[in-house]
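Colleague: Using numbering that gives the first Met the number 0, you'd call the opening residue of the sequence shown number 0 and step up by one each time.
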Amino acid sequence: MTNAVDVAAFITGALKLPLYDTKKLQKLVYFSQAWALAWTGKPLFADDFEAWPDGPVAPAVYRVQKYEAARLHEPSNLSADEADIVTSVVDFYGQLSYTDLVDLTHEHTPWLDARAGRAPDAPSHVKVPRDAIRTFYTRQAIMSADGPVRRGRVSQVSDVDAHRLGRRASSDWAEGLALLADA
Numbered sequence: 000m001t002n003a004v005d006v007a008a009f010i011t012g013a014l015k016l017p018l019y020d021t022k023k024l025q026k027l028v029y030f031s032q033a034w035a036l037a038w039t040g041k042p043l044f045a046d047d048f049e050a051w052p053d054g055p056v057a058p059a060v061y062r063v064q065k066y067e068a069a070r071l072h073e074p075s076n077l078s079a080d081e082a083d084i085v086t087s088v089v090d091f092y093g094q095l096s097y098t099d100l101v102d103l104t105h106e107h108t109p110w111l112d113a114r115a116g117r118a119p120d121a122p123s124h125v126k127v128p129r130d131a132i133r134t135f136y137t138r139q140a141i142m143s144a145d146g147p148v149r150r151g152r153v154s155q156v157s158d159v160d161a162h163r164l165g166r167r168a169s170s171d172w173a174e175g176l177a178l179l180a181d182a
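(1) May I have the straight-line CA-CA distance separating residue 185 from residue 37, to the nearest angstrom?
(2) Are there 16 or more other CB atoms within 10 angstroms of the CB of residue 191, so buried, or fewer, so exposed?
(3) Under 9 Å, do residue 131 and residue 113 count as touching if we go by C-beta distance?
(4) Closer than 8 Å is the cut-off here; do at least three beta carbon pairs connect the stretch 62-72 with the stretch 13-24?
(5) Please report the straight-line C-alpha distance between residue 126 and residue 27, rounded to a whole angstrom.
(6) The alpha helix (DSSP H) with residue 110 in it runs from where to where?
(7) Does the beta-carbon of residue 34 have 16 or more other beta-carbons within 10 angstroms, so that it is buried, or is it exposed?
(8) Run through DSSP, which three-state label would residue 128 get?
(9) Looking at C-beta atoms only, is the number of pairs between the stretch 0-8 and the stretch 41-56 that lie closer than 8 Å three or more?
(10) Going by alpha carbons, who is nearest to residue 51 out of 30, 32, 90, 22?
(11) Grouping DSSP H, G and I as helix and E and B as strand, with all else coil, what is residue 12?
(12) Beta-carbon within less than 7 Å of residue 58's beta-carbon, same chain only, minus the 5 sequence neighbours each way: which residues are those?
(13) State buried or exposed for residue 147, treating a residue as buried only when at least 16 other CB atoms are found within 10 Å of its CB.
(14) I'd like the list of long-range same chain contacts for residue 85, defined as Cβ closer than 7 Å, with 5 residues on each side in sequence excluded.
(15) State the Cα-Cα distance for the pair residue 177 and residue 164, rounded to the nearest angstrom.
(16) Report the three-state DSSP secondary structure of residue 30 (helix, strand or coil).
(17) Residue 1 bridges to which residues according to DSSP?
(18) Do residue 128 and residue 55 count as a contact pair if the criterion is CB distance below 9 Å?
Right, here's the structure in full:
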């Protein structure tokens, strides 16, 4: 598993983001985590987000942006699958301005619920619950066409492995397949 700073470095390189574009970077890191949770059920990284006035913020990325910005121009350590997820998010959201991205997060319930009862510009270190992010974006993925499309990765499988996988799937689904055959 990677971390939020590695994802931020990958995004910075992919979009050639200037160092001052901190809010846009924060939102793209957030959307990367959100869609990873929706598509895989697992977090892309362990870092949490806090419900700041301008939307979700990963404090680890904030600290690097503020004190060690050069780290965002170092190569990131994402696996091929992690890079595919982040690239899918960047392809979809990357052309939007930071204000557009802030507005989007302000419309979504994970941030809204975490900010509940606070003045619009009040500081907050309340965590945006990962389960709320997963639930919201999974619903978005299922019920709305308005979202990124996950890149697929084609891999070569030998005939022997394909047959073994087929037999295993048939065995795993034998009961369900029998019910369908009787219908």
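For glycine and all other residues, C-beta sits at the position ideal for the given N, C-alpha and C.
Modeller: In short:
(1) No statement about residue 185 is possible, as the shown extent of the chain runs from 0 to 182 and does not include it.
(2) Nothing can be reported for residue 191, as the shown portion of the chain is limited to 0 through 182.
(3) yes
(4) yes
(5) 17 Å
(6) 108-114
(7) buried
(8) coil
(9) yes
(10) 22
(11) helix
(12) 49
(13) buried
(14) 6, 9, 10, 31, 77
(15) 19 Å
(16) helix
(17) 44
(18) no
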